[in-house]
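In the working numbering, the protein residues as written are 24 to 106. Presented below is the structure to which this report refers.
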Amino acid sequence: MHVHVSAKRQEARIAELQAEVQKLEAQLGEGEDADKIVSRHIRLLHRYNEAKDAAQILMGKLAGHKHTTIRQVHEDFEMEDED
24 MHVHVSAKRQ EARIAELQAE VQKLEAQLGE GEDADKIVSR HIRLLHRYNE AKDAAQILMG
84 KLAGHKHTTI RQVHEDFEME DED
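Right under this line is the structure:
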């Protein structure tokens, strides 16, 4: 099913979308490459996850050394579940 849209409405919508693209490009930064930004973000997330995994391993070893639970170690260091 096709809906008829007037040429004026189409032009207005195109203008709105172009304005939105310009706004987003301004937020991104002129001359910035979105693919590079995404790649950098992904690399940083990998580094964060690796560091978090290493910290969890250390927390586990500390809990074993103290004969307590990982949850207790988290509480001792005032760590939230989201940390």
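Glycine included, C-beta positions come from ideal geometry on N, C-alpha and C. All figures in this text were calculated on a predicted structure; none of them were measured in a lab.
**Study point:** Residue span of the alpha helix (DSSP H) that contains G52, given as start and end
**Key:** Looking at the DSSP string, G52 is not in any alpha helix (DSSP H), and its letter there is neither H nor E.
Review point. Buried or exposed: where does V44 fall if 16 or more other Cβ atoms within 10 Å of its Cβ makes it buried?
Key: exposed
**Study point:** Element boundaries [alpha helix (DSSP H), containing V96]
**Key:** Bounds of the alpha helix (DSSP H) holding V96 are 93–99.
Practice item. Specify the secondary structure class of H64 as computed by DSSP and reduced to three states. Key: Note: H64 maps to helix in three-state DSSP.
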